[in-house]
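Per the numbering used here, residue 372 is the first one in the sequence shown, and the count goes up by one each step. Report on the structure given below.
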Amino acid sequence: MRVVVAMSGGVDSSVAAALLTEAGHEVIGLSMQLYDQRETVDGAPAFGSCCSLDDLHDARRVAAQLGIPHYIVNFEREFKATVVSNFVAEYAAGRTPIPCVHCNADLKFATLAERAAGLDAAAVGTGHYARVLYDEDLRRYRLLRGVDEDKDQTYFLFTLTQGQLAHALFPVGHLSKPEVRAHAARIGLSVADKPDSHEICFVPDGNTAKFVERQLATAMPVGEIVTADGQVLGEHQGIHKFTVGQRKGLGLSTPKPMYVLKLIPADQQVVVGMKEDLGGVSLDATGVNWIAGPAPDGPTRVTARIRHRHQDAPATVESTGDTTAHLVFDEPQTAITPGQAVVFYQGEDVVGGGWID
């Protein structure tokens, strides 16, 4: 079977390509150039180590070692439109986006599936820690957590459709990270000990506020920092500098630490309060995708994750429209943040997910 493999230059995608090659598939490696490597800001590189020129070189070296063809495709325009522009717009609107979902599923996987079809490839392989299984009884594809709980990446893949899952291969999903590195060492891949990248590639210094300001090329409106009952405690220089749950950098002098409880973009207000006030029991989600296709019929028991590193919590979710849902947790959860993803699980299965509204 001809398979296109997304090769980022990291150990996971490299081992994915190797395993598929060893299994006898005709593998074609594709790497994505997502931004202009020459771009700088104040003399420093504008982008970080993820998806860098060195990564592209690593991917090419691995492909040569495996004896498979390798191509680099320019996705700069798509990356800016799908990932960067959304990131900026969300922060400007007082939300806290998670660009890795848009990049992994909406850009990389969806676009590679189109490229694979153009190359007469039957499937797209990636190095994600996830699994896909066809259920003969239900006659549908299931998206399952990766075996390695610490590396499971299904949180970033909740937007995948049945059509996309039908052509998805996740060769390392049944392995742990140490097992993946062991495979790389066995094959003799140069990236066997390459460290993982955890940064947002287009915000290498971690200063999201400055990045948003540069992209907007205009000053954000100032506003008030207030308590839940309306008491004004101070002034801020733009709600894009804040996120729900934030404690540091508020610029307040108070007897007890204050936390951001919510942002009110219409009034340019940052609402703060005590840590115990951060808990919430419900949320509304938009852009909801149900992995099975149709939405569940009525209230459904799930565990839900509101951040990548958040521990799943028992909840009840119910569809409220074609792409909307309402979820109620059994117990209050800290810092439910608009703009982040919420993903619904039943055991190993991903039921679906959406964007916290």
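Every residue, glycine too, gets a C-beta built ideally from N, C-alpha and C.
Am I right that residue 703 and residue 727 are in contact with their C-beta atoms under 8 Å? What's the rounded C-beta distance?
No, residue 703 and residue 727 are not in contact; Cβ-Cβ is about 15 Å, not under 8 Å.
Am I right that residue 516 and residue 525 are in contact with their C-beta atoms under 8 Å? What's the rounded C-beta distance?
5 Å
My output table needs one value for residue 450: the three-state DSSP class, helix, strand or coil.
helix
Would you list, in sequence order, the uninterrupted beta strand (DSSP E) runs of no fewer than 3 residues that lie entirely inside the stretch 602-644?
603-607, 630-635 and 640-644
Can you give me the Cβ contacts of residue 616 inside the same chain, cut-off strictly under 8 Å, excluding the 5 residues immediately before and after it?
630, 631, 649, 705, 706 and 708
Could you have a look at residue 660 and say whether DSSP puts it in helix, strand or coil?
strand
Cβ atoms of residue 596 and residue 634: under 8 Å apart, would you say?
no
Can you tell me whether DSSP reads residue 684 as helix, strand or coil?
strand
Three Cβ pairs or more, each shorter than 8 Å: is that satisfied between the stretch 566-586 and the stretch 443-459?
yes
So the candidates are 440, 435, 382 and 380; which of them puts its Cα closest to the Cα of residue 397?
440
Assigned exposure category for residue 619 - 16 Cβ within 10 Å defines buried:
exposed
At what residues does the alpha helix (DSSP H) containing residue 586 begin and finish?
579-587
As a quick exercise: from 682, 676, 701 and 377, pick the residue whose alpha carbon is nearest that of residue 723.
676
Residue 505 versus residue 435 - alpha carbon distance
33 Å
With distances taken between CB atoms, is the gap from residue 694 to residue 657 smaller than 8 Å?
yes
Taking the continuous alpha helix (DSSP H) assigned at residue 482, which residues delimit it?
481-489
Taking all protein chains shown into account, do 16 or more other C-beta atoms lie within 10 angstroms of the C-beta of residue 559, making it buried, or fewer, making it exposed?
exposed
So residue 518 packs on residue 544, CB below 8 Å; how close in whole Å?
7 Å
Just to confirm my understanding: we take residue 445, look at its own chain, exclude 5 residues before and 5 after, and list those with CB closer than 6 Å. What are they?
404
Of the residues 566, 644, 565 and 636, the one placed nearest residue 600, counting alpha carbons only:
644
Fully enclosed by the stretch 524-598, which alpha helix (DSSP H) runs are 4 residues long or longer?
533-536, 548-558 and 579-587
The stretch 528-542 in contact with the stretch 470-490 per 3-pair CB rule at 8 Å:
yes
Between which residues of its own chain and residue 691 is the CB-CB distance below 8 Å, once the five residues before and five after are set aside?
655 and 697
Under the three-state DSSP convention, the category residue 695 falls into:
coil
C-beta contact flag for residue 465 and residue 592 at 8 Å:
no
Around the C-beta of residue 382, are 16 or more other C-beta atoms found within 10 angstroms, so that it is buried, or is it exposed?
buried
Limits of the beta strand (DSSP E) - the one that residue 441 falls within:
441-445
On the criterion of 16 or more Cβ atoms from any shown chain inside 10 Å, does residue 623 qualify as buried, or is it exposed?
exposed
Skipping 5 residues on each side, what residues in its chain have a beta carbon closer than 8 Å to that of residue 461?
467, 468 and 710
Which residue or residues does DSSP assign as beta-bridge partners of residue 391?
Beta-bridge pairing links residue 391 to no other residue.
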